[in-house]
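Novice:
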Amino acid sequence: MSESVVMSQRLQSLFAKTKQVCFGRYVMEVPAEAELLWGFQDFPGKIITHVGDAKQLSTMAEAYRAEQLAKDKTAEITYFKLEPSSNSIEVRYFPSDIAKSLSNERKHVFVAAGQDLFEWFYGGKELAPLVYGIRARKNTEIPTAPGVCIDHGFVADSSGSFQEIFGVGIDLPSFTDVSFSILSNKDASTDGDPGLIERHYDAMGKVTPTGVTRLQLGKREVNGWKGEQVLLRHDGFEKGVFAHEFLWASIGKSGSALNPASVDIQLNTGVRANRTLAQPSSLTDEEALALWNRLLDGLRFRVNAPPTQTGAPVTVRSGEPTPLTGLWRAALPPDHPKAAWVANGHSVFRQRGEPMVRFGLGLPQDEALVVWTWMGEHDL
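Below, the structure is given as C-alpha cells:
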C-alpha cells in the first residue's frame, strides 16, 4: 500500500475531475486533462492504428505487397486475399529465396473496423480469432468484456494465451515537465532478474551517490502485483533545485496475464523535449510522492474475469438463474471422465435472471456436477 501523503491544493485541483483510460487489459484513473500517449501495442505482433483510414484497406495492402516485392528480386507473395467476413486482407510472403529455403514465411494483416484501419505485423490461423474479435472504439470508451484495449480499438480475448506487450504514457498539460509511463510484458523472461532494488544498487552502489537523494526504497504492491520501488531526487542544478526519478517494477510469471512477467512504471519530473533531468522540477518532493501514489493506486485490471480473475469467480449451476449478463463456460470436476470434453465446449450467452441452460450430458447426476463460470460481459 502507498504511504499517505497529503496532496497540495494544486494537485487537489488537478484531480478534482478524473476519467478512466484503458490500455491492454488495464484501466487507470487519471486527471480529466490527461492525454494517453500510446507506445507499444503487441498482441501477439505489433499493431499500428491508422485513424480514419478504413477505406484505405485495399490501397494499403496493395502498397505493402508492392513494397515487399521491391525489396528483393527473389521475393515471392504466397497469399493475398480479402476476407469479407472480417473485412481484412492477409499478405503472406517470402522476402527472399534464402528465406524460402529456410521456410521463413512472413505474415501481415490489415483489418478495417469502423472508420479505422489496423495494421498487424502477424498473421496465420493463430491470429484469425483475434481478427474476428477486433472492433473500433473511441478512446474514451471503456469496454466491459475480456480483451485488450488498443489505440482506437478493442480486441476481444478471454484466453490469455497470446503475447502481450503494452506501453503508454500520461501527459499532463498543467505540469509539462512531468512524465509518467507504464510498460507491461506478459511473456518476458525473468530468469536471473534480481529485482529493481538490487539492479539500482548494482548501478549506483550501496552508498548514496553525490547529487542523489534516495527518498524511498522498498517493497510495494500495485494492483495485486508484488514489486519494489526506488524513488530518487537528483540535485544537479543549483542549491534547492532538483528533479525526480521514481521507479517501480515487478517480476511476475512468464505467460501469465494475471501476473505478467514484467511490469515497469516510471515517473520523472524535470523533463524537457523528452530528456530527463533537463530542467528543475515543477513539483516538490511531497507533491511528486502524492502524484506517484495517486496514479499507482488508480491502476487495476479492467475486467474481473478470465484471464485476469482477481476475485472469486462467479458461478452458477445448470437450471439456476444467472446472476450476471454475459458469457458463461461450463466445467466438470477435473477427475470426471468427461471433464476435458466439457471444457472444450463453447461459451453460452445468458441475460441476468435467465435460467442457465443444460450442457446436455446424458445422466442427470453428471449434469448436476456441471459448474458454469462467468467469463465477462459480451460485446454486442
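In my numbering, the protein residues as written are 268 to 647. C-beta atoms are modelled at their ideal positions from N, C-alpha and C, and glycine is treated no differently. Values in this document were obtained by computation on a predicted structure and should not be read as measured data.
1. Exposed or buried, what is D309 when buried is set at 16 or more other beta-carbons lying within 10 Å of its beta-carbon?
2. When you compare only the Cα positions, how much space is there between L544 and D502?
3. I'd like to know whether the C-beta atoms of F429 and P311 end up nearer to each other than 8 Å.
4. Please tell me whether S446 and N560 are closer than 8 Å, where the distance is taken between their beta carbons.
5. Using alpha carbons as the reference points, say which of L303, V474, R617 and H375 lies closest to G586.
6. Based on DSSP bridge pairs, tell me the residues matched to E386.
7. Applying the criterion that 16 or more other CB atoms from any shown protein chain within 10 Å of the CB defines a buried residue, is N452 buried or exposed?
8. Does the distance from the CB of K641 to the CB of V615 come in under 8 Å?
9. Who are the near neighbours of V479 in its chain, counting only those whose CB is closer than 8 Å to its CB and skipping five residues on each side?
10. Taking contact to mean at least 3 C-beta pairs separated by less than 8 Å, is the stretch 366–386 in contact with the stretch 329–348?
11. Please classify N535: does DSSP put it in a helix, a strand, or coil?
12. Measure the C-alpha to C-alpha separation of A557 and Q279 and round it to an integer number of angstroms.
13. Mind checking who K493 pairs with in its DSSP beta bridge?
14. Using the Cα positions of T575 and K340, report the straight-line distance between them to the nearest angstrom.
15. Could you give the DSSP three-state label for G398: helix, strand or coil?
16. Are the Cβ atoms of G537 and D444 separated by less than 8 Å?
17. Tell me Q287's beta-bridge partners as DSSP assigns them.
18. Between the Cα of S529 and the Cα atoms of T407, P413 and S456, which residue gives the shortest distance?
19. Whose C-alpha, out of T551, P440 and T477, is nearest the C-alpha of V297?
20. Let me check one thing: in DSSP terms, what residues is I344 bridge-paired to?
21. Counting beta carbon pairs with one atom in the stretch 577–591 and one in the stretch 631–638, are three or more of them shorter than 8 Å?
22. Quick one: is L482 near chain D, going by C-beta distance under 8 Å?
23. Would you list the residues sitting across from A598 in a DSSP beta bridge?
24. Here's a check: name, in chain order, each residue in its chain whose Cβ is nearer than 6 Å to the Cβ of E495, leaving out the five neighbours to either side.
25. Which runs of the alpha helix (DSSP H) fall wholly inside the stretch 427–483 and span at least 4 residues, in chain order?
26. If you draw a straight line from the alpha carbon of R619 to that of A579, how long is it in whole angstroms?
27. Considering just the uninterrupted stretch of the beta strand (DSSP E) at V609, what are its terminal residues?
28. Please classify L630 as buried or exposed, where buried requires at least 16 neighbouring CB atoms within 10 angstroms.
29. Per DSSP, E350 forms a beta bridge with which residues?
30. With a cut-off of 8 Å on the beta carbons, I'd call C416 and F568 a contact; round off their distance for me.
31. Quick one: what's Q308 bridged to in DSSP?
Specialist: Straight from the coordinates:
1. Counting from one through the sequence shown, the residue named residue 309 turns up at place 42. So D309 counts as buried.
2. Position 277 of the sequence shown, counted from the start, is the residue given in the question as residue 544. Position 235 of the sequence shown, counted from the start, is the residue given in the question as residue 502. Distance from the CA of L544 to the CA of D502, rounded to the nearest whole angstrom, comes to 10 Å.
3. Here residue 429 refers to the residue found at position 162 of the sequence shown. Here residue 311 refers to the residue found at position 44 of the sequence shown. With respect to the 8 Å criterion, F429 and P311 are classified as neighbours on the basis of their beta carbons.
4. Counting from 1 along the sequence shown, the entry for residue 446 is found at position 179. Counting from 1 along the sequence shown, the entry for residue 560 is found at position 293. Not a contact, by the Cβ cut-off of 8 Å.
5. Position 319 of the sequence shown, counted from the start, is the residue given in the question as residue 586. It is R617 whose Cα lies nearest to the Cα of G586.
6. Taking the sequence shown and counting its residues from 1, one reaches residue 386 at position 119. Beta-bridge pairing links E386 to I315 and F377.
7. Start at 1 with the first residue of the sequence shown, and residue 452 comes out as number 185. Burial is judged here by how many other beta carbons sit within 10 angstroms of a residue's own beta carbon; N452 has at least 16 and is buried.
8. Walking along the sequence shown from the start, residue 641 turns up at place 374. Walking along the sequence shown from the start, residue 615 turns up at place 348. This sequence places Trp at residue 641; Lys is not what is there. With respect to the 8 Å criterion, W641 and V615 are not classified as neighbours on the basis of their beta carbons.
9. For the purposes of this step, residue 479 is taken as the residue at position 212 of the sequence shown. Same-chain partners within the cutoff: M471, L499, R500, H501 and D502.
10. Here the stretch 366–386 lies against the stretch 329–348, with 3 or more beta-carbon pairs under 8 Å apart.
11. Within the sequence shown, residue 535 is the residue found at index 268, counting from 1. N535 sits in a strand when the DSSP states are folded into three classes.
12. Here the question's residue 557 lines up with position 290 in the sequence shown. Here the question's residue 279 lines up with position 12 in the sequence shown. C-alpha separation (whole angstroms): 10 Å.
13. Indexing the sequence shown from 1 puts residue 493 at position 226. BP columns for K493 point to E488.
14. In the sequence shown, counting from the first residue as 1, residue 575 sits at position 308. In the sequence shown, counting from the first residue as 1, residue 340 sits at position 73. Approximately 47 Å between the Cα atoms of the pair.
15. Residue numbering aside, residue 398 sits at position 131 when the sequence shown is read from its first letter. Note on identity: in this sequence residue 398 is Val, with Gly being the wrong assignment. V398 sits in a helix when the DSSP states are folded into three classes.
16. On the sequence shown, residue 537 is found 270 positions in, with the first residue counted as 1. On the sequence shown, residue 444 is found 177 positions in, with the first residue counted as 1. Yes, they are a contact pair.
17. In the sequence shown, residue 287 corresponds to position 20, counting from 1. Paired residue(s): E296.
18. Position 262 of the sequence shown, counting from 1, holds the residue named residue 529. It is S456.
19. On the sequence shown, residue 297 is found 30 positions in, with the first residue counted as 1. Here the closest residue by C-alpha is P440.
20. Stepping through the sequence shown from its first residue, residue 344 is reached at position 77. In the DSSP output, where bridge partners are listed per residue, I344 has Y360.
21. When Cβ pairs closer than 8 Å are counted between the two stretches, the stretch 631–638 is seen to touch the stretch 577–591, the count reaching three or more.
22. Absent from the structure: chain D. Only one protein chain is present.
23. For the purposes of this step, residue 598 is taken as the residue at position 331 of the sequence shown. BP columns for A598 point to V638.
24. Working through the sequence shown from its first residue, we reach residue 495 at position 228. These residues qualify, in order along the chain: G462, L463, I464 and K486.
25. At a cut-off of 4 residues, the continuous stretches assigned as alpha helix (DSSP H) that sit fully inside the stretch 427–483 are 463–471.
26. Numbered from 1 along the sequence shown, position 352 holds the residue referred to as residue 619. Numbered from 1 along the sequence shown, position 312 holds the residue referred to as residue 579. Answer to the nearest angstrom: the Cα atoms are 18 Å apart.
27. Stepping through the sequence shown from its first residue, residue 609 is reached at position 342. Taken as a continuous stretch (DSSP letters only), V609 belongs to no beta strand (DSSP E), being part of the alpha helix (DSSP H) at A606 to A610.
28. As a working note, residue 630 is residue 363 in the sequence shown. Per the 10 Å Cβ criterion, exposed.
29. On the sequence shown, position 83 is the one that residue 350 refers to. Answer by DSSP bridge pairing, in chain order: S355.
30. Against the sequence shown, residue 416 aligns to sequence position 149. Against the sequence shown, residue 568 aligns to sequence position 301. Not a contact, Cβ separation roughly 12 Å.
31. By 1-based counting over the sequence shown, the position of residue 308 is 41. Q308 is bridged to F433.
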